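Data first, discussion second: the structure below is written as structure tokens.
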Amino acid sequence: MTEANLIGEIPESFNNLSSLELLDLSLNKLEGTIPGGMLTLKNLNYLHLFINRLSGHIPSSIEALNLKQIDLSDNHLTGSIPAGFGKLQNLTGLNLFWNQLSGEIPANISLIPTLGTFKVFSNQLSGVLPPAFGLHSELKLFEVSENKLSGELPQHLCARGALLGVVASNNNLSGEVPTSLGNCTSLLTIQLSNNRFSGGIPSGIWTSLDMVSVMLDGNSFSGTLSSKLARNLSRVEIANNKFYGPIPAEISSWMNISVLHATNNNFSGPIPAGISSLVNLVGLYLSNNRFYGPIPAGIFSLVNLTNLDVSNNRFSGPIPAGISSLVNLVELDVRNNMLSGSIPAGISSLLLLSVFKASNNLFSGEIPVELTSLPSIYILWLDGNQLSGQLPHDIVSWKSLFALDLSTNHLSGPIPKAIGSLHSLVFLDLSENQFSGEIPHEFSHFVPNTFNLSSNNLFGEIPPAFEKWEYENSFLNNSNLCANIEILKSCYSKASNSKLSTNYLVMIISFTLTASLVIVFLIFSMVQKYQRWDQGSNVETWKMTSFQKFDFTESNILSSLAQNSLIGSGGSGKVYRTIINHSGEVVAVKWISNNRQLGQNLEKQFVAEVQILGMIRHANIVKLLCCISSESSKILVYEYMENQSLDRWLHGKKRAVSSVDSASDIILDWPMRLQIAIGAARGLCYMHHDFSPPIIHRDVKSSNILLDSEFNTKIADFGLAKMLAKQEEDPETMSVVVGTFGYIAPEYAYTRKANKKIDVYSFGVVLLELATGREANRGNEHMNLAQWAWQHFGEGKSIVEALDEEIMEECFMEEMITVFKLGLMCTSKAPSDRPSMREVLLILDRRGPHQGHAT
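For the sequence shown, UniProt numbering assigns the number 1 to the initial residue and increments by one for each residue that follows.
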């Protein structure tokens, strides 16, 4: 009865089938609990209920059966694994993965003499692994990844010599890899990624004739690679460890390898020429090591290569002309080396190339015009080199380009007008060159999020579109530029002497009056410096630190607060809509605490938020105007967002109402939702890739995506953000698991390791909210939205059935499906399978409308 489209609950009447030996109800839509009465079938040997919607606990009465195989995987089962499983002495296979089981693994399961397959990955199991696994049975598959397990791996997993695979990634396991696994000649795969293992790798793992994949990334393994290497290895992932020494010349024997991922280690020496023998290589990742010498020309003969990352090493010499042979190359990253010579014109042959990063090398010469013909390029970084000459005037095919960085070179001549026609461009940095002439009028046709022309020889008036606060640093050190903004001289500075004198007089009078008012106001402020809040029993001294221009003081803020203006609250405090009494200006005030005992964690959170937000200027990030602090309380004052949060528009019982429309049934149509997604993606992309050091938000959700009066998107609440750089300077911030249920990436919940991919996961949930209209923690009755979406997709159902019927129209169907699929990609269980925010933004931008609207 497998794949019979069965619905409803499993009937109790099954207990009448006394002769039943096999019960297979897998791949259906069964709900409810597993009935205890059914499990009295004494002749039942095989119980297959996988891929359904079953919930509740596994019945303890199962121990009375004579089962040989149990497969309850991919359901919504909760509770613990029954200890009674250990009494099933004929059990050969136990599959419980993709559920929500918790507690420890019963030790007596490891004593079952017939057990060959044990798969419990993707649950919430904790405790240590029973040490007897493999000692009493011919264990073949041992898969316990994506849980909360700790302690060491069992020492006897391959005691009977039958073990084929060990998969224990994404736990808190520690210690060394058992030496017995090095002697396990039957082993095909070992996956221990993202744990806390240390020590060396048993040499036998590298030399096993049948070994296919070794995945050890994200640990503290050390030592060198063995000079004796297995011939059948197809995937080696050892990134983020402490391996050192050279890559052995014998690597040429890895004839079947498709992926070699060795970033973030201490490898050194030249790359052996024998690497050219790896004809099946698809991905080569060697960044952040100490390799030196030229990049072997043989690498550029590997025609199957799609990803080549050798950044952050000490490579020297030119990029070989043979690069034109890499016709399947998608990403090329050679940043931060000592490469020299010219940029090969042959790169233009790489029609699939989408990312080319060559920053901070010694490249010289002109940028070849052929480079502008790359049809798929969307990231091009050539900054920090010695490139000279003029930019090509004609751009053949950069229609998808959204990030162009040519800063810190010796480029000269006019800025090509054609750049202004690149409507996908959101990041443009041409600073610290020798460009001259006027800024092309065509630049008025696009307004990138990041735009920098500083430190050149430009003259004339800047386009009016850039006379905004967020571009205040975009034109510095261009002495002959003018504009109607403070940082540049006025374009009307050549007026008559009499008019100039009059202007000066007006300025002097205005300045004098302003200074007088400031003095009076300061005296008043000193008298009023102690404020009372609520009952007013405590006198406090307040200190204001400003980050923007405004016309209010801490006294204005504190006196304007009122309990009835509360618009939101969360783990870090309450948020008030506040009208400044003297000016009528509306701001959002976040009151962090009203308790004198703030605690160290909250103090760190406040400091981190202020330091980060005070530096940020971006159109899709909420502006922090100032912070106000006292001994007991912390206050953050933000710009006010009239249409409040996306969460209220999507999920509020009473939909939010636009400040310009009083309709009670107003909804967000699809064009507007897509535009909101693009805006939020731009903000996150800036945080992850364009800000230095990069920023992790750590609590991306629809209630932190705010909308102004025109429904422009801005990301809020960076109280939980954490700079990636120098994490050791603030370890306590990293030790706190934060986030919101339904949005938290599964690996973050148990590893507490924050990285960019946890934000990508959370943003993926937001995309699913936009496409389906469902709440993040309510995919259906038993699972959150991401789990529900993956199950819907995995069951082969039509994606159209999952979309929000309230806004679905035929003309938007393709876009909605794309966003749904992108949400799935972002919420992939393996962080490495999730795209970067740059990639997310690229996909959304290609789908994005020019404007959306509310209906």
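In this text, a Cβ means the ideal position worked out from N, Cα and C, and glycines have one as well.
Being a predicted model, the structure only gives us computed values, none of them experimental.
Run of the beta strand (DSSP E) containing residue i, from where it starts to where it stops
| i | result |
| --- | --- |
| Gln191 | 189-191 |
| Met672 | Taken as a continuous stretch (DSSP letters only), Met672 belongs to no beta strand (DSSP E), being part of the alpha helix (DSSP H) at 670-685. |
| Gln69 | 69-71 |
| Asn95 | 93-95 |
| Met215 | 213-215 |
| Asn307 | 307-309 |
| Cys626 | 624-629 |
| Ser376 | Unbroken run through Ser376: none, as it is neither H nor E. |
| Phe363 | 362-365 |
| Tyr46 | 46-48 |
| Ile7 | 7-9 |
| Gln390 | 386-390 |
| Met338 | 338-341 |
| Ser268 | 266-269 |
| Phe85 | Phe85 -> no beta strand (DSSP E), and no H or E assigned at all. |
| Glu31 | 29-31 |
N-terminal and C-terminal residue of the alpha helix (DSSP H) that residue i is part of
| i | result |
| --- | --- |
| Val819 | 813-826 |
| Ile758 | 756-772 |
| Asp647 | 646-651 |
Residue i CB to nearest heavy atom of the ligand SAM below 8 Å
| i | result |
| --- | --- |
| Asn15 | In terms of ligand content, the structure shown is empty, and the ligand SAM therefore cannot be addressed. |
Distance, residue j Cα to residue i Cα
| i | j | result |
| --- | --- | --- |
| Phe267 | Ser645 | 48 Å |
| Asp74 | Cys685 | 34 Å |
| Leu411 | Leu387 | 6 Å |
| Leu192 | Ile70 | 25 Å |
| Asn194 | Asn171 | 7 Å |
| Gln100 | Ser546 | 47 Å |
| Asp24 | Lys140 | 23 Å |
| Asn456 | Gly274 | 46 Å |
| residue 881 | Arg231 | No answer is possible for residue 881: it lies beyond the span of the chain, which begins at 1 and ends at 855. |
| Gln434 | Leu803 | 52 Å |
| Ala297 | Pro130 | 50 Å |
| Leu458 | Ser436 | 5 Å |
| Val355 | Ser836 | 12 Å |
| Val326 | Lys119 | One detail in the question is off: residue 326 reads as Leu in this sequence, not Val. Near 40 Å, if we compare the C-alpha coordinates of Lys119 and Leu326. |
| Val426 | Pro448 | 4 Å |
| Ala754 | Val396 | 41 Å |
| Lys417 | Asp394 | 9 Å |
| Trp98 | Phe121 | 7 Å |
| Leu841 | Asn620 | 13 Å |
| Leu278 | Pro248 | 14 Å |
| Ser150 | Ser169 | 11 Å |
| Arg314 | Leu94 | 50 Å |
Residue i (DSSP reduced to helix, strand or coil)
| i | result |
| --- | --- |
| Leu125 | strand |
| Trp206 | helix |
| Thr578 | strand |
| Glu331 | strand |
| Trp790 | helix |
| Asn16 | helix |
| Thr713 | strand |
| Glu250 | helix |
| Phe297 | Residue identity differs from the one stated: residue 297 is Ala in this sequence, not Phe. Helix, per DSSP. |
| Tyr640 | coil |
| Asn480 | strand |
| Asn503 | In this prediction, Asn503 scores a pLDDT of 49, lower than 50, which makes its location untrustworthy; no coordinate-derived value is stated. |
| Thr541 | strand |
| Val520 | Annotation note: pLDDT 45 at Val520 (below 50); position unreliable, no value reported. |
| Arg846 | helix |
| Ala588 | strand |
| Ser220 | strand |
| residue 901 | It is not possible to answer for residue 901, since the shown part of the chain is limited to 1 through 855. |
Please determine if the region 25-40 and the region 2-13 are in contact, where contact requires at least 3 C-beta pairs separated by less than 8 Å.
Touching, yes.
Curious, which full-length beta strand (DSSP E) runs of at least 3 residues does the region 101-182 contain?
For the region 101-182, whole beta strand (DSSP E) runs of length 3 or above, ordered along the chain, are 117-119, 124-128, 141-143, 148-151, 165-167, 172-175.
Scan the region 392-472 and note each continuous beta strand (DSSP E) run of 3 residues or more that stays entirely inside, going in chain order.
Complete beta strand (DSSP E) runs here, min 3: 403-405, 410-413, 427-429, 434-437, 450-452, 457-461.
So, does the region 200-209 touch the region 148-166, judging by three or more C-beta pairs under 8 Å?
Using a C-beta cut-off of 8 Å, the region 200-209 makes no contact with the region 148-166, since fewer than three inter-stretch Cβ pairs fall below that distance.
Is the region 408-426 in contact with the region 378-396, if contact means three or more CB pairs nearer than 8 Å?
Result yes; three or more Cβ-Cβ pairs closer than 8 Å.
The region 690-705 in contact with the region 801-812 per 3-pair CB rule at 8 Å:
By the criterion of at least three beta-carbon pairs nearer than 8 Å, the region 690-705 is not in contact with the region 801-812.
Counting beta carbon pairs with one atom in the region 197-206 and one in the region 225-241, are three or more of them shorter than 8 Å?
Enough Cβ pairs lie closer than 8 Å, so yes.
Touch test, the region 74-89 against the region 54-61, Cβ-Cβ under 8 Å, three pairs minimum:
Counting Cβ pairs under 8 Å, three or more are found: they touch.
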